[in-house]
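For reference, the structure discussed in these notes is given below.
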Amino acid sequence: MTIQDHIKESQEPGEYAELLKQLRTLPEQEPSPGFHVHTLKRVKTAERFSFRRPWLSLAAGLAVLLSAGAFILSSHTAPSTDIQWLLTQQEADGTWNPSRHGGNEQFRPALTALSVLALNRSSPRSSKSIHKAMTALGRLQTEDGGFVGGDPQARAYNLAMTTFALATCPTARLQAKPIIQRAVEAITASQLANGSWDYASTPEGNVALTSWMVRALKSAEASGVETTTVAQRKGLRWLMRMTAHTDGNVSYKPATAPSETVTALTAISFISAGQAFPDIQSCAKQMTEQLSQQNQSEGQRDCYRDYAKIVALELAGKRDQALRIRNEMKNLLNVPDTWRVAGGDLYTTTFTALCM
Amino acid sequence: MALDDTEIPVPADPDAGLMLRVRDGDEAAFSELVTAYQKKVLNFFLRMGVQYDVEDLAQQTFLRLYRYRDRYQPRAKVSTFLFLLARQVWIDELRKRTRRKKLADSLALETAGDVVPSAADEVASRDVADVQKALAQLPEAMRLVVELGVYQELPYSEIAEILEIPEGTVKSRMFNALSQLRTILKRE
């Protein structure tokens, strides 16, 4: 019996036939062009492929050994700055999948873009990987200019980080220009009336996200993408208000504890903004002064905080302090990162690589 | 007396011959099978609601097809064997996702908790979005029956083998699933 026979047996065959027709309006997706090749390659690598080609069996055996090595790396303490490891973790479809490394799959666009940025920074020979990732990110972009991400939090995070990373990466930004252009429109459309951005629909605003969005817009503008300065200025003005009575220590949201990471992220936005507002650089100076006075947390590794601090201090011309943080990071590479639980090894590896 | 492969009559399913060649280590035959079924397997996972790992899961299915090639019995259709494996991949994935949820939640370290409507729903055309939403509301077991019967157009006997349930249960699940879908879609 088939579904057609079953429908004929029912009391309302016409109604059910219509229902089937409606159900079958769902469009089918074609596999990506490289799917077939990648599937065969994956099978060969994972199995001791006993196809009737002795040389192929030998090659497959070697591939199994290599892939076993990769597995060992991915199942322990991920290689904090190992760009080679990052290269081997690229998926067949060109993305990086955080869920394979203890992270959340919803953040695949952001982690793919950050991996691209890390690769570009460290390995000039990775342009093929970057090209593949760009194509994949184009597929992950939704029609509103955002990126897939399941819940609104993930979508907001993906939008900010992916746009920033693509616009900043010299190898990627030419190919990614249409992607960045649409993303900029999505960023502008998602700005709250008070000038901030938030993961939630409440008009309160989130300082970290707003800093990333402003930075993404600035990077997009610098990469030659058409942007509006209004959104940037509104964002910066809101950030200025959030830092008005903070003596240089900024928190994620009003009335919450200050955070070095957020202070550094805000400082980066301010320094990058130039003279957008009269007092903005003095605010930035106050923040980076605070950052350079703070001691690193003893023995605790935090790649996100360290990344933000290094960038902020370098932009402020405090290279010695930035170098000190970088050296401390190197000494702590064997210590599990604070973000490993939430973000997984891919997240910590990309941010650590961006610091080095 | 046990029959060896050369004595087993290959059924009408032309792909059974290919699968037997795969069992013997024929790369070209495996490549042909991937070509023939890649789109079906990919869309199986898409309609089961997978958003991000569709190609990965489809590849895992073909990987299992190769890994378990010795277990293939030529009396069964290749599609039955393949969707049995796809279903197992899907079940494993669901288990993994449940475990990962805790980690996912902790990534909201910088976030507040309110939820706003997804823009994706607005993007999809109305009819398609309605069907997707309706399918998503079905319990997992019913959705599988609809996927295999309506979209993959497999006979109920084959669905019964894949899901390891009696054919009568396939029939009743399908009836219940279609009734629910009718109600949901009329409401939309």
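Chains as they are written, first to last, in the working numbering: chain A, 224 to 579; chain B, 98 to 285.
Just so it is clear, CB atoms sit at the ideal spot from N, CA and C, and this is done for glycine as well.
Since we're looking at a predicted model, the values are computed, not measured.
Length of the line joining the Cα atoms of residue i and residue j
i	j	result
A:Ser-352	B:Asp-150	19 Å
A:Met-224	A:Asp-421	54 Å
A:Ala-395	B:Val-243	42 Å
A:Ile-402	B:Glu-261	46 Å
A:Thr-511	A:Ala-416	29 Å
A:Phe-493	B:Val-247	57 Å
B:Leu-289	A:Glu-551	No information on residue 289 of chain B is available, as it lies outside the stretch 98 to 285 that chain B covers here.
A:Gly-326	A:Thr-268	24 Å
B:Val-175	B:Asp-110	8 Å
A:Arg-542	A:Arg-549	10 Å
A:Cys-578	A:Phe-330	21 Å
B:Glu-129	A:His-259	10 Å
A:Ala-454	A:Thr-411	6 Å
B:Arg-120	B:Val-267	31 Å
A:Trp-562	A:Lys-441	27 Å
A:Ala-406	A:Gln-398	14 Å
B:Phe-178	B:Lys-230	29 Å
A:Gly-534	B:Arg-284	It is worth fixing the name first, because residue 534 of chain A is Val in this sequence and not Gly. Going from the Cα of A:Val-534 to the Cα of B:Arg-284 covers about 54 Å.
C-beta neighbour in chain B for residue i, strict 8 Å
i	result
A:Val-448	no
A:Asn-381	no
A:Leu-569	no
A:Arg-524	no
A:Met-465	no
A:Ile-226	yes
A:Leu-488	no
A:Ala-478	no
A:Gln-245	yes
A:Ala-315	yes
A:Val-266	yes
A:Asn-343	no
A:Gln-414	no
A:Phe-258	yes
A:Ile-504	Correcting the residue type first, residue 504 of chain A is Gln in the shown sequence and not Ile. Not closer than 8 Å to any Cβ of chain B, the Cβ of A:Gln-504 fails to qualify, so no.
A:Leu-309	no
A:Pro-254	yes
Proximity test, Cβ basis, 8 Å: residue i and chain A
i	result
B:Leu-266	Per the sequence shown, residue 266 of chain B should be read as Thr rather than Leu. No, its Cβ sits nowhere closer than 8 Å to a Cβ of chain A.
B:Glu-237	no
B:Tyr-165	no
B:Leu-278	yes
B:Val-175	no
B:Glu-244	no
B:Leu-179	no
B:Leu-282	yes
B:Arg-120	no
B:Leu-191	no
B:Pro-263	no
B:Ser-269	no
B:Glu-250	yes
Per-residue DSSP class, three states only, for residue i
i	result
A:Gln-404	helix
B:Arg-192	helix
A:Ser-434	helix
A:Arg-549	helix
A:Pro-236	helix
A:Arg-524	strand
B:Arg-279	helix
A:Asp-560	strand
A:Ser-419	coil
A:Ser-297	Its pLDDT being 30, under 50, A:Ser-297 is placed unreliably in this model, and the value from its coordinates should be taken loosely. Three-state DSSP puts A:Ser-297 in a helix.
A:Pro-321	helix
A:Leu-285	Its pLDDT being 33, under 50, A:Leu-285 is placed unreliably by the model, and nothing is read from it.
A:Ser-474	strand
A:Pro-481	strand
A:Val-453	helix
A:Met-224	coil
B:Met-145	coil
Residue j beta carbon less than 8 Å from that of residue i
i	j	result
B:Gln-79	B:Ala-155	Residue 79 of chain B lies beyond the stretch modelled for chain B, which goes from 98 to 285, so this question has no answer here.
A:Tyr-239	B:Leu-275	yes
A:Lys-430	A:Ser-495	Sequence inspection shows Val at residue 430 of chain A; the Lys mentioned does not correspond to that position. No, the pair does not count as a contact, with Cβ atoms beyond the cut-off.
A:Leu-488	A:Ala-531	yes
A:Arg-524	A:Val-564	no
A:Lys-457	A:Gly-428	no
B:Val-138	B:Ala-173	no
A:Cys-506	A:Met-465	no
A:Ala-315	A:Thr-335	no
A:Arg-438	A:Phe-387	yes
A:Phe-370	A:Pro-321	no
Near the ligand FMN: residue i beta-carbon under 7 Å from a heavy atom
i	result
B:Leu-179	Among the ligands in the structure shown, none appear at all, so the ligand FMN cannot be discussed.
Within the region 329–402 of chain A, ranges of the alpha helix (DSSP H) (whole runs, at least 4 residues): 331–345, 350–363, 375–391 and 393–396
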